[in-house]
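Peer 1: Residue numbers (our numbering): 154 to 588. A virtual CB, placed ideally from N, CA and C, is assigned to each residue, including glycine. Just so we're clear, the structure is a prediction, and the values are computed from it rather than from any experiment.
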């Protein structure tokens, strides 16, 4: 008998504790937090066909989240008086109900106090989750950001001061980050459109280290205009969304620029010069890896592993005239010692030959070379016009030859059809004679 009394007291104590916890949920809702409830009959650790929970009289509004087997029908809620709430009744009863293939999210206003029950294919390890709001804990962006840099950021979703450790929650929420221009006229991005970057993820892909560990990882490539930007993190759920913003950050211009020293000697090489701006990075820490695409589309990879000071160089063999393209990635440290990696904007230069003469300085993104003389410009224009005329005549001759070949093929086809028909005719005629 004493044991039974003790058990009853334990049950009463647990129920009282749950009531107190639900009451605190209503207060925490005003402080942007989330509360969890384990699933059982006493402390909510129940068989999953008997998912019971209690709502206290002081709760004015709450959002319930139930995880269920993929593709199964939405759950049914049974109120304390035995009446049922279904998804198709939600609108008429003033309930917000979002049903997905794997979960139900239900917002109740002034819910009936007392014991509730959820019926459906709720996952055995699912927990009744009472959602009021979500906060994101994330470290500030680095003080020095570089154009073309790839940034890795890690954020944690919080329940007040407690992290959300339910792996299934990643199917419910989306975390994005957008960059908005501060429209500061002192920077190059004045008046720029907002930039949407990639979403945070907790799926173990790309830079996310472990799937379902509650750490949401974002990988952002800052391949847009340098300037002052305001980062805004967007938390989106089926029935709620929230924007969180950090302090404005300044994205600095890519610290590496390229130029070319061209040669007209087929036995020598063009020289690509990499100039490093030491204002925000340590020049001695820079290593480079890239590739050169020649006019004939041949690709040659290269790397520069060593070097000191503010310049590096790489020799490109002289092959032929045409556009050469250089793509390069840089790895190094900022002046504060932070490791970074970035992609330098593609650099192109053009080598043109005219009657054995190399016209240097026609770099596509470098305007500091000497312009050709008027005579050279006239000669170049005449040569280009002649080349265009020669190409036009060549194409016309090819088209005419192709047309003649087409006519010939048609004629041969017609002859073949006639011969084949004649053969059939004579064969049929001979068979008739034999009969």
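1. DSSP three-state call for residue 341: helix, strand or coil?
2. If I follow the unbroken beta strand (DSSP E) through residue 405, where does it start and stop?
3. Tell me which same chain residues have a C-beta within less than 6 Å of the C-beta of residue 508, skipping the five on either side of it?
4. Can you list, in chain order, the residues of its chain whose CB lies under 7 Å from that of residue 223, leaving out five sequence neighbours each side?
5. Can at least three beta-carbon pairs, one atom from the region 333-342 and one from the region 376-393, be found at a separation below 8 Å?
6. Determine the closest residue to residue 461 out of 471, 438, 476, with distance taken between C-alpha atoms.
7. Using the Cα positions of residue 577 and residue 569, report the straight-line distance between them to the nearest angstrom.
8. Is residue 247 near the ligand GTP, with its Cβ less than 6 Å from a heavy atom?
9. Determine the closest residue to residue 321 out of 472, 503, 355, with distance taken between C-alpha atoms.
10. Helix, strand or coil, according to DSSP, for residue 427 in the structure here?
11. Quick check: residue 465 and residue 499, are their CB atoms within less than 7 Å of each other?
12. Excluding five sequence neighbours on each side, which residues of the same chain lie with their C-beta closer than 6 Å to the C-beta of residue 424?
13. Rounded to the nearest angstrom, what separates residue 296 and residue 388 at their Cα positions?
14. First and last residue of the beta strand (DSSP E) that includes residue 464?
15. In chain order, what residues of the same chain lie with their CB nearer than 7 Å to the CB of residue 571, ignoring the 5 residues before and after it?
16. Starting from residue 390, follow the beta strand (DSSP E) in both directions and report where the run begins and ends.
17. Mapping the DSSP letters down to three states, classify residue 580 as helix, strand or coil.
18. Could you tell me which of 335, 406, 366, 428 sits nearest to residue 400, measuring between CA atoms?
19. Counting Cβ pairs closer than 8 Å, one from the region 259-268 and one from the region 208-221, do we hit at least three?
20. Which two residues bound the contiguous beta strand (DSSP E) that contains residue 415?
21. Taking the beta strand (DSSP E) that residue 264 belongs to, which residues open and close that run?
22. Measuring straight from C-alpha to C-alpha, what distance separates residue 217 and residue 377?
23. Using the three-state DSSP reduction, which class does residue 256 fall into: helix, strand or coil?
24. Tell me which residue opens and which closes the beta strand (DSSP E) that residue 457 is part of.
25. Compute the beta-carbon to beta-carbon distance between residue 350 and residue 332, rounded to the nearest angstrom, for a pair I have assumed lies under 8 Å.
26. Report the rounded CA-to-CA distance for residue 552 versus residue 324, giving the unit in angstroms.
27. Which residues bound the beta strand (DSSP E) around residue 334?
28. Short check: CB of residue 371 to CB of residue 364, under 7 Å?
29. Where does residue 207 sit, in a helix, a strand or coil, going by DSSP?
30. Which of the three DSSP states is assigned to residue 559 in this structure?
31. Taking residue 472 as the reference, give the member of 445, 346, 219 with the closest Cα.
32. Which two residues bound the contiguous beta strand (DSSP E) that contains residue 370?
33. Thinking C-alpha only, which one of 418, 410, 310, 275 is nearest residue 504?
34. Which residue wins for smallest C-alpha separation from residue 491, given the options 242, 429, 435?
35. I'd like to know whether the C-beta atoms of residue 443 and residue 480 end up nearer to each other than 7 Å.
Peer 2: If we stick to the structure as given:
1. It is coil, neither helix nor strand.
2. Counted as a single uninterrupted DSSP element, the beta strand (DSSP E) harbouring residue 405 occupies residues 402-405.
3. Annotation note: pLDDT 44 at residue 508 (below 50); position unreliable, coordinate value reported separately. Excluding positions up to five away in sequence, the list is empty.
4. Excluding sequence neighbours, residue 223 sits near 254, 255.
5. The answer is yes - the region 376-393 touches the region 333-342, with three or more Cβ pairs under 8 Å.
6. Checking every option, the nearest Cα to that of residue 461 belongs to 438.
7. Those two C-alpha atoms are separated by around 12 Å.
8. Here there are no bound small molecules, and the ligand GTP is not part of this structure.
9. Selection 472, 503, 355 evaluated against residue 321 yields 355 as nearest (Cα-Cα).
10. Here residue 427 carries a strand assignment [DSSP, helix/strand/coil].
11. Going by C-beta atoms, residue 465 is not nearer than 7 Å to residue 499.
12. Result list for residue 424: 414, 466, 468, in chain order.
13. Their Cα atoms are separated by approximately 24 Å.
14. Its beta strand (DSSP E) spans residues 464-470.
15. The beta carbon of residue 571 is closer than 7 Å to none in its chain, skipping five residues each way along the sequence.
16. That run of the beta strand (DSSP E) goes 380-390.
17. Residue 580 falls in the helix class under three-state DSSP.
18. Selected option, being the one with the closest Cα: 335.
19. Touching, yes, given that three or more Cβ pairs across the two stretches are closer than 8 Å.
20. Element bounds for residue 415: n/a, residue is neither H nor E.
21. DSSP places residue 264 outside any beta strand (DSSP E), giving it a letter other than H or E.
22. Straight-line Cα distance between these residues: approximately 41 Å.
23. Residue 256: strand per DSSP, three-state reduction.
24. Per DSSP, residue 457 belongs to the beta strand (DSSP E) from 452-457.
25. In this structure, residue 350 and residue 332 form a Cβ contact; the two beta carbons are roughly 7 Å apart against a cut-off of 8 Å.
26. If you draw a straight line from the Cα of residue 552 to the Cα of residue 324, it is about 59 Å long.
27. Run containing residue 334: 327-334, per the beta strand (DSSP E) assignment.
28. In this structure, residue 371 sits away from residue 364, with a CB-CB distance that is not shorter than 7 Å.
29. Note: residue 207 maps to strand in three-state DSSP.
30. Here residue 559 carries a helix assignment [DSSP, helix/strand/coil].
31. In terms of CA proximity to residue 472, 445 leads the group 445, 346, 219.
32. First-last of the beta strand (DSSP E) with residue 370: 368-374.
33. Comparing Cα positions, the closest option is 418.
34. For residue 491, the closest C-alpha among the options 242, 429, 435 is that of 435.
35. Cβ atoms of residue 443 and residue 480: closer than 7 Å.
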